[in-house]
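The block underneath contains the structure these notes are about, expressed in structure tokens.
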Amino acid sequence: MTSRAVLVTGASRGIGRAVAAAFATGGDRVAIHHRDSADLAEALRADLPGDGHVVVRADLADPDAVREMVDDAAGRLGGLDVLVNNAGVFGPADPPHPVFGSSYEQWRQRWREVLDTNLFGAANASWCAAQHMRERGGRIVNVSSRGAFRGEPANPAYGASKAGLNALGQSLAVALAPYGIAVATVAPGFVETDMTNEHLKSPRGEAVRAQSPFGRVARPEEIAAAVHWLASPQAQWASGTIVDLNGASYLRS
Ligand code: NAD
Numbered sequence: 001m002t003s004r005a006v007l008v009t010g011a012s013r014g015i016g017r018a019v020a021a022a023f024a025t026g027g028d029r030v031a032i033h034h035r036d037s038a039d040l041a042e043a044l045r046a047d048l049p050g051d052g053h054v055v056v057r058a059d060l061a062d063p064d065a066v067r068e069m070v071d072d073a074a075g076r077l078g079g080l081d082v083l084v085n086n087a088g089v090f091g092p093a094d095p096p097h098p099v100f101g102s103s104y105e106q107w108r109q110r111w112r113e114v115l116d117t118n119l120f121g122a123a124n125a126s127w128c129a130a131q132h133m134r135e136r137g138g139r140i141v142n143v144s145s146r147g148a149f150r151g152e153p154a155n156p157a158y159g160a161s162k163a164g165l166n167a168l169g170q171s172l173a174v175a176l177a178p179y180g181i182a183v184a185t186v187a188p189g190f191v192e193t194d195m196t197n198e199h200l201k202s203p204r205g206e207a208v209r210a211q212s213p214f215g216r217v218a219r220p221e222e223i224a225a226a227v228h229w230l231a232s233p234q235a236q237w238a239s240g241t242i243v244d245l246n247g248a249s250y251l252r253s
């Protein structure tokens, strides 16, 4: 298989880092996107197997920066074959009650921050990436969440942003199929990353592990493997799917 040009958002750590490694290990050239982690992104670029990887930067909540970043990645990689919309924000765990624990201003700020990145950032990156894929086809893979199906009582904006991302993926799967662009989504449950570190160390973390028939949460590499396959040439028929990656955690009554 020839080397493809792959842009992974939020690739300096966590799931994004594992996704970047999976593509590089498969022989692809990766644009490692970060917002404020230049050192981590640069270190990853140096560590990844293969040549031709680049580091790109943008705040995904800034639509102009997103466009510049996607064009920068495509320019330096020689086009774009794959976009992985991985970057996301959960927002502060406090206040504990999202409605009665916060002021109206805090509530609005949280919705703005979470939607701007998780949904609008991914939508804008998808539009920009599709311009580069129009003639050559491509793959877009979104990293959603279990919260998209079940809501997120502690953070309704997060659940809504990920439900929106699911619908975005399904809509684009249909709209972009005539151009040979397949779009799919993964929806993980808990994964061991900086986003969940504190939560998993708390007593609620024990409950999360207890709910899993494997007695653990996911490793980033397990999510990355699914993303890598969904972006493969063999996976065009998976376009429009939302892969629920939960290790059977929610099947026990
Ligand atoms: P993480 O916090 O380690 O990584 C998130 C990345 O997104 C970071 O690199 C961060 O800098 C980047 N990011 C956030 N806001 C940004 C912005 N405005 N502009 C640019 N970059 C921004 O967490 P992770 O667990 O690796 O998360 C990766 C994705 O997986 C996220 O979309 C998250 O919602 C999703 N997810 C995580 C879990 C989990 O349990 N960890 C579960 C389901 C889904």
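All residue numbers for the sequence shown refer to my numbering, where the first residue is 1 and numbers rise by one.
Beta carbons: idealized from backbone N, C-alpha and C, even for Gly.
Remark: fewer than three beta-carbon pairs, one from each stretch, lie closer than 8 Å, so the region 173-180 and the region 200-217 are not flagged as touching. Here residue 243 is bridged, per DSSP, to 186. Contact annotation: residue 183 and residue 240 have beta-carbon atoms nearer than 8 Å.
Rounded to whole angstroms, the gap between the alpha carbons of residue 67 and residue 10 is 15 Å. The DSSP-derived three-state label of residue 143 is strand. Comparing alpha-carbon positions, the option among 36, 21, 35 lying closest to residue 29 turns out to be 21. Annotation: residue 86 is outside any beta strand (DSSP E) and is labelled neither H nor E by DSSP. In this structure, DSSP gives residue 199 a helical state, which the three-state scheme calls helix. Here residue 17 is not near residue 34, since their CB atoms are 8 Å or more apart. At the C-beta level, residue 129 and residue 80 come within 8 Å of one another.
The residue among 187, 14, 55 with its C-alpha nearest the C-alpha of residue 162 is 187. Shown here, residue 138 sits in a strand according to DSSP, grouped into three states.
Residue 7: member of the beta strand (DSSP E) spanning 5-8, first to last residue. A Cβ-Cβ distance of about 11 Å is found for the pair residue 165 and residue 125, leaving them out of contact under the 8 Å criterion. In this structure, the straight-line span from the alpha carbon of residue 101 to that of residue 152 is close to 15 Å. Pairing residue 59 with residue 114, the inter-Cα distance amounts to about 13 Å.
For residue 76, the enclosing alpha helix (DSSP H) starts and ends at 63-77.
Within a 10 Å sphere around the beta-carbon of residue 193 sit 16 or more other beta-carbons, which makes this residue buried. The beta-carbon distance between residue 50 and residue 74, rounded to whole angstroms, is 18 Å. This is too long to meet the 8 Å contact definition. If you compare the alpha carbons of 3, 12, 202, 36 with that of residue 47, the shortest gap goes to 12. Ligand 1 has a heavy atom closer than 7 Å to the beta-carbon of residue 37. Straight-line measurement puts the Cα of residue 123 at about 35 Å from the Cα of residue 252.
The C-alpha of residue 39 lies about 12 Å from the C-alpha of residue 32. Secondary-structure assignment with DSSP links residue 53 through no beta bridge to anything.
Where residue 17 is concerned, the enclosing alpha helix (DSSP H) starts and stops at 14-25. Annotation for residue 228: the continuous alpha helix (DSSP H) segment containing it runs 220-230. Selection 89, 201, 233, 107 evaluated against residue 140 yields 233 as nearest (Cα-Cα).
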